[in-house]
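Presented below is the structure to which this report refers.
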Amino acid sequence: MEGLKGGMILELPPASGTPAAGEGKRLCPKCGEETESKFCSPCKVRSVYETSALKAYGDLRVEAGLPFFGGFFEDSVYGYDLRFLAPKIKDLASEASRYFSAYIKVTKPKTVVFSRDQRASGELLKGAFVATLKENGMDFVEIDGLMSTTSSPFFGAMVARELGHKILLFHTTASHNPPDYNGFKVFHGDFTHNMFPATLESGELVKSEDVHKAYAAFLMERFGDRPPSKLKFDFDCVFGVGWEIQKHILPIIAPGAKPIREEPRADLGGLKIAQPPEVHEGQKGLSFCADGDIDRLVMYYNGRYLPLSRFYAILIEHDLFDEKLLVDQRTSIQIREFMKERGAKIIQGGVGRTTQEIMGAKLDAAWMEENWHSGGYKVKGLRFFWPEASLGLMDWLKALEDVGVTKFFSTPVPDPVLVNAKIQCEPNINERIWEKAPGYFKDAAVTRIDAEDGVRVEFKDGHMLLRESNTECGQVRVEANGQDAKVANRILKAGTAFIEKIK
Ligand SMILES: [Zn+2]
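The sequence shown begins at 990 in the numbering used here and counts up one residue at a time.
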């Protein structure tokens, strides 16, 4: 892995096997039986690998005289991270403490780092973290102030490089979920690249403001000595913590930008994707909306949401992008073919942020998701695989300015329509979808999205994904994409009829 020489701090999902121990068997957290797939059908819950942090967490519950299944198993959603409605978890501090201990047990780090964002329950979780680490006599680093999902792994990388060993990093955030939610993103790894503009004073409490200044200085290396952009636009931070980074960047790269809803608030509103949030209603020209922590930044033009692949298609039409690009499974075939016809190096990626990150790292490619997660941007010759919209923004503004905003958005590229539906069914239906779909959709190419995942059904004029949600057990998502609304709805109808038939 080209990009991973010298290490990389990447997410370690709670139900996954630990890299060192391998995966082992998959177990149902409720009945304890071994499962063949991601779900235990009778119990309707997601299974966990026997070497995973969640399995260790359940064992710690048992040691404390509690049933294995309870706490975060019962009242959280776990996928690439863990998210829960904080007031719903009984004795949150104890459950969090077990969760921290479980990760420490399976990764055996020498140093553990903790950061939090602006959510109200973050302070309680920080207290639980400090108490747990002190009890265990472990070395830890805590940060004074608020951090974001992207400045946190950057800081982790700084710590790992300075100490010369692997670190474990907990960041508490629920991204764009409503205010009462919280969650944990856990990062793990080492890092030896020398790319930091500042070093840490060891032994002192680290201030988030210092990290953000260092992080912003690092990100600004991609911008270089370019003159600032003259574009004017609203930049909506939805009261998330992302502004803590962006305040060191935006005034330099685009002094005409007007930040709105910028100060972090515990009761942030969250991102409503695909429709402009109310404050953007009737907006003219260019505007951006962050998802709270700015690992995702959505672009609107005249109040209209733009899928990221369409933006890339315009870049490619103007010869402004020549890297390998990993698109996601939702990317429309019209846009994909449009980009390929123009010589772009397009790679079909998967579904989900973590998948894209890992594939991007293996293939040394820039990666994107239709919902504006993007990554693989180069800074000082090193690709950043975790998503970082601050870097994307620098490139996007340059392209918009070079072409001219009006001309840019009137560039003729396909304008596909995406429609979707959710259908309730028995859990663990991906296998059945895979078994039945090729015979059912005889006029289409049916491929599997990924081992254990659902299918992709590709027609001449559009395509759809049929898959059980990774986070909502027993919920099938039909995502149909067509060259116009008529085609998209026809495909959606075919997809829902198929699921209704086999469910
Ligand atoms: Zn079970």
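Glycine included, every Cβ here is placed at the ideal spot set by N, Cα and C.
Next on the checklist: Given a cut-off of 9 Å on the beta-carbon distance, is the pair residue 1212 and residue 1251 in contact?
Outcome noted: Between residue 1212 and residue 1251, the C-beta gap is not smaller than 9 Å, which leaves the two residues out of contact.
Item to check | Separation of residue 1054 from residue 991, as counted between CA atoms | outcome: For residue 991, the predicted model reports a pLDDT of 42, less than 50, meaning its position is unreliable; a value from the coordinates is still stated below. C-alpha separation (whole angstroms): 47 Å.
Checklist entry - In its own chain, which residues sit with a C-beta less than 6 Å from the C-beta of residue 931, not counting the 5 before and 5 after it? => result No answer is possible for residue 931: it lies beyond the span of the chain, which begins at 990 and ends at 1492.
Checklist entry - Do you know how far the Cα of residue 1175 is from the Cα of residue 1100? => result Distance between the alpha carbons of residue 1100 and residue 1175 is about 14 Å.
Checklist entry - Where does residue 1271 sit, in a helix, a strand or coil, going by DSSP? => result It is coil, neither helix nor strand.
Item to check | Nearest-angstrom beta carbon gap, residue 1230 and residue 1106 [assumed within contact, 8 Å] | outcome: Residue 1106 to residue 1230, Cβ: 5 Å. Contact.
Checklist entry - Sorted by chain position, which residues of the same chain lie with C-beta nearer than 8 Å to residue 1426's C-beta, five sequence neighbours on each side aside? => result In the same chain as residue 1426, and ignoring 5 residues on each side of it, the C-beta atoms closer than 8 Å to its own belong to 1435, 1444, 1446, 1455 and 1487, in chain order.
Checklist entry - Does the distance from the CB of residue 1416 to the CB of residue 1030 come in under 9 Å? => result Contact annotation: residue 1416 and residue 1030 have beta-carbon atoms nearer than 9 Å.
Checklist entry - Could you check where the alpha helix (DSSP H) with residue 1171 kicks off and where it finishes? => result Premise fails: residue 1171 lies in the beta strand (DSSP E), 1170-1178, not in any alpha helix (DSSP H).
Item to check | residue 1027 Cβ short of 8 Å to ligand 1 heavy atom set | outcome: Not so, every heavy atom of ligand 1 lies at least 8 Å from the Cβ.
Checklist entry - Where does residue 1007 sit, in a helix, a strand or coil, going by DSSP? => result Looking at residue 1007 - three-state DSSP - the assignment turns out to be strand.
Next on the checklist: Taking the alpha-carbon of residue 1322 as reference, which of 1382, 1113, 1472 and 1016 has the nearest alpha-carbon?
Outcome noted: Between residue 1322 and the set 1382, 1113, 1472 and 1016, the nearest pair of CA atoms involves 1472.
Item to check | residue 951, enclosing alpha helix (DSSP H) - first and last residue | outcome: This structure gives no information on residue 951, because the portion of the chain shown stretches from 990 to 1492.
Checklist entry - Relative to ligand 2, is the shortest distance from any of its heavy atoms to the C-beta of residue 1014 smaller than 8 Å? => result Among the ligands present in this structure, namely ligand 1, ligand 2 is not found.
Item to check | beta-carbon residue 1334 near ligand 1 non-hydrogen atom, thresh 8 Å | outcome: Incorrect: residue 1334 has no Cβ contact closer than 8 Å to ligand 1.
Item to check | Every unbroken alpha helix (DSSP H) within the region 1277-1304, with a cutoff of 4 residues, ordered by chain | outcome: Here no run is fully enclosed.
Checklist entry - Rounded to a whole number of angstroms, what is the C-alpha to C-alpha distance between residue 1458 and residue 1464? => result Approximately 6 Å between the Cα atoms of the pair.
Checklist entry - Near residue 1342, what residues of its chain come up, given a Cβ to Cβ distance below 8 Å and the 5 sequence neighbours on each side ignored? => result Within the same chain, residue 1342 has close Cβ partners 1069, 1358, 1362 and 1376.
Checklist entry - Near residue 1094, what residues of its chain come up, given a Cβ to Cβ distance below 7 Å and the 5 sequence neighbours on each side ignored? => result Cβ within range, chain order: 1045.
Next on the checklist: Is any non-hydrogen atom of ligand 1 found closer than 8 Å to the C-beta of residue 1024, if you look at the structure I gave you?
Outcome noted: For residue 1024, the shortest separation between its Cβ and any heavy atom of ligand 1 lies below 8 Å.
Next on the checklist: residue 1038 and residue 1006 - do their beta-carbons sit closer together than 9 Å?
Outcome noted: Yes.
Next on the checklist: For residue 1181, tell me which candidate among 1153, 1197 and 1162 has the shortest Cα-Cα distance.
Outcome noted: The alpha carbon of residue 1181 has as its nearest neighbour, out of 1153, 1197 and 1162, the alpha carbon of 1153.
Next on the checklist: Please report the distance separating the alpha-carbon of residue 1237 from that of residue 1195.
Outcome noted: Taking the CA atoms as reference points, residue 1237 sits about 18 Å from residue 1195.
Item to check | Pairwise C-alpha distance: residue 1408 and residue 1326 | outcome: C-alpha separation (whole angstroms): 20 Å.
Next on the checklist: Comparing C-alpha positions only, which one of 1058, 1187 and 1018 sits nearest to residue 1143?
Outcome noted: Ranking 1058, 1187 and 1018 by Cα distance to residue 1143 puts 1187 first.
Checklist entry - Exposed or buried, what is residue 1096 when buried is set at 16 or more other beta-carbons lying within 10 Å of its beta-carbon? => result A residue is called buried once 16 or more other Cβ atoms fall within 10 Å of its Cβ, and residue 1096 is buried on that count.
Checklist entry - So what does DSSP say about residue 1478, is it helix, strand or coil? => result Residue 1478 falls in the helix class under three-state DSSP.
Item to check | Nearest neighbour of residue 1228, chosen from 1197, 1219 and 1278 [CA to CA] | outcome: It is 1278 whose Cα lies nearest to the Cα of residue 1228.
Next on the checklist: Please tell me whether residue 1285 and residue 1170 are closer than 9 Å, where the distance is taken between their beta carbons.
Outcome noted: Cβ atoms of residue 1285 and residue 1170: not closer than 9 Å.
Next on the checklist: Tell me which residue opens and which closes the alpha helix (DSSP H) that residue 1065 is part of.
Outcome noted: Residue 1065 -> not in any alpha helix (DSSP H); beta strand (DSSP E) instead, spanning 1065-1067.
Next on the checklist: Taking 8 Å as the cut-off, is the C-beta of residue 971 nearer than that to any heavy atom in ligand 1?
Outcome noted: Only positions 990 to 1492 of the chain appear in this structure, which leaves residue 971 out of reach.
Checklist entry - So residue 1138 and residue 1162 are in contact, right, with Cβ under 8 Å, and what is the actual spacing, rounded? => result Contact holds; Cβ gap of about 6 Å.
Checklist entry - What's the C-alpha gap between residue 1078 and residue 1379? => result Spanning the alpha carbons of residue 1078 and residue 1379 requires a straight line of approximately 34 Å.
Next on the checklist: For residue 1474, count the other beta carbons within 10 Å of its own beta carbon; 16 or more makes it buried, fewer makes it exposed. Which is it?
Outcome noted: Exposed, because fewer than 16 other Cβ atoms sit within 10 Å of the Cβ of residue 1474.
Next on the checklist: Can you check which of these residues, 1216, 1257, 1217 and 1210, is closest to residue 1232 by C-alpha distance?
Outcome noted: Looking from the CA of residue 1232, the closest CA among 1216, 1257, 1217 and 1210 belongs to 1257.
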